[in-house]
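For reference, the structure discussed in these notes is given below.
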Amino acid sequence: MTWIPNWLHRLASPPVFHGFADRLTPWLALASAVLLGYGLVGGLALAPADYQQGEGFRIIYVHVPAAWMSLFVYSFMAGAAVVTLIWRIKLAECVLTSCAPVGASFTALALVSGMLWGKPMWGTYWTWDARLTSELILLFLYLGVGGLQQAIGDPRAAARACALLAVVGFVNVPIVHYSVEWWNTLHQGPTITKFDKPSIAPSMLWPLLSMALGFTTFFGYVLLQRVQNELLWRERGNPWVRETLA
Amino acid sequence: MQAFAAVLARELRLAARRRAEWALPLVFYAIVATLFALGASPNAPWLKVAGPSILWVGALLAALLSLERLFRGDYEDGTLEQLFVSPQPVSLLVAAKLLAQWMIIGLPLTLMAPLLGVGFGMGTGVIGVLILSLLLGMPALVLTAGFASALVVGLPRTGVLLPVLVLPLVCPVVIFGAGAVRAAETGVPADAPLYFLGAIAVLCVCGVPLAAAAALKNALD
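Heads up: the sequence lines are chains G and C, in that order.
Under this note's numbering, the first residue of the first sequence carries the number 36, and numbering increases by one thereafter.
Under this note's numbering, the first residue of the second sequence carries the number 1160, and numbering increases by one thereafter.
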């Protein structure tokens, strides 16, 4: 089984990764289109309206996957940060710095869609509820990583500083979450984490899962493209870039 | 241990010779608290309610503003590089600097808070909890802020970046710190948030010197 580490080693080299990403992105784009297409049609048209929340519940199909992704991307970024700090792989640095803006967008999307949902359901756009607040703080953490990266000129030093910040932030996220939870909560309880019997009808659940998977593949698609751009920019003096772009 | 004491003594001596370093944050703290009172109608009842929050955030901002002194001067005159070439572990020396920063900035702010607390109509018991919460919380604030300033040490202009990095990280400290004071004000036992503050402080004391040393090393590379 030594081919797996070998393959990973080769993949960490920028030109190999660039070619790999070139081959992978069309498939990710296709998967995202199919999954998001099914999820949107199934969620917005086919699924029945909720008996309590009416048509308004349909925003779940954007809100919940976005909120999941906001946490997933942060964990992913922290993973890349650990790799950056330990092995100093250039590719991991690019992944790390590319994650921050994407994650911030997902977090902002979760916040905005949540606010739009909150107005009809709770009667207010914003309330200082635990999950809303910790999501907002998560957005600030993302923006901090982005700001730090912009501020430091040398890309490698910037990436390592961001990696340290991301790791410290990752340790901090659960503390923030539970301290805020302890502080106040109003948000409805989780609907889907109960694996044996979700408190949601299957006709509503399948489009949601499809949307969640679609968001993930879409993240992969966007991330690969961003990492490709970052690699091309960083290696702009190298011959492989000229050959690739020629 | 000797090196630790030497760094600590050097920091304290420097601060003793430049009194503005520890005195100005206190003035800043008092001004911020006063401005909050001026922003409200005179003796508005909500000021008493908002007191814990104002005093905590004011202390946080005052501690943030004085971060400049922590690594900047040492970075510019080369002292920081000397720390790195010394045989002692850098995290230990950084810990000494952070301890000094707490003694120079954190402790005076902690002692200043009760005076302002009287202005916000706090009783004796509440003020006791305020001092306790700041004693436990201020080390965590100073340490976290020290880590962030280590990240940006080589940059020509940090301005508003530093608060943007620090403030989200210290949310729990503010929640538990102000929460303890609020609990005391409503007559509920304040032990639980104080314990949480203590736990966060211990976590920071163990982890931050290592992280800050790594950040400094990155900035010096």
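From the three backbone atoms N, C-alpha and C, an ideal C-beta is built for every residue, glycine too.
All values reported here derive from a predicted model rather than from experimental measurement.
DSSP places residue 1243(C) inside the alpha helix (DSSP H), whose first and last residues are 1238 to 1244.
In chain order, 1323, 1326 and 1327 make up the part of chain C whose C-beta sits under 8 Å from the C-beta of residue 175(G).
In this chain, the alpha helix (DSSP H) harbouring residue 199(G) covers 190 to 218. Going by DSSP, residue 1212(C) is part of the alpha helix (DSSP H) stretching over 1204 to 1224. Along the stretch 1338 to 1361 of chain C, going in chain order, the ones with a CB nearer than 8 Å to a CB of chain G are 1338, 1355 and 1359.
What residue 1373(C) touches in chain G, judged by beta-carbon distance under 8 Å, is 120 and 199, going in chain order. Taking 9 Å as the CB threshold, residue 1210(C) stays off the interface with chain G. Listed in chain order, the alpha helix (DSSP H) runs fully inside the stretch 1297 to 1372 of chain C are 1320 to 1328 and 1330 to 1345, counting runs of at least 4 residues.
Taking 9 Å as the cut-off, the beta carbon of residue 98(G) is found no closer than this to the beta carbon of residue 165(G).
At a beta-carbon threshold of 7 Å, none of the residues of chain G lie near residue 1229(C); the nearest stands roughly 16 Å away.
In the structure shown, residue 89(G) falls within a strand segment according to DSSP collapsed to helix, strand and coil. Setting aside the 5 residues that flank it on each side, residue 1288(C) is surrounded in the same chain by 1339, 1340, 1343 and 1349, each with a C-beta closer than 7 Å to its C-beta; the list follows chain order. Per DSSP, reduced to three states, the secondary structure at residue 270(G) is coil, with no helix or strand assignment.
Not one beta carbon of chain G lies nearer than 9 Å to the beta carbon of residue 1296(C). Contacts between residue 1377(C) and chain G, judged by CB atoms closer than 8 Å, involve 192, 195, 196 and 199 in chain order.
Less than 9 Å separates the beta-carbon of residue 196(G) from that of residue 1378(C).
Contact of residue 1330(C) with chain G by beta-carbon distance below 9 Å involves 168, 169, 172, 175, 207, 210, 211, 214 and 215.
In the DSSP assignment, residue 48(G) falls outside any alpha helix (DSSP H), carrying neither H nor E.
Secondary structure at residue 246(G): helix, using DSSP grouped into helix, strand and coil.
Non-local beta-carbon contacts of residue 1185(C) in its own chain, meaning distances under 6 Å to residues more than five positions away in sequence, involve 1267 and 1271 in chain order. One Cα belongs to residue 108(G), the other to residue 139(G), and the distance between them is close to 9 Å. Straight-line spacing of the CA atoms in residue 1208(C) and residue 1215(C) works out to 13 Å.
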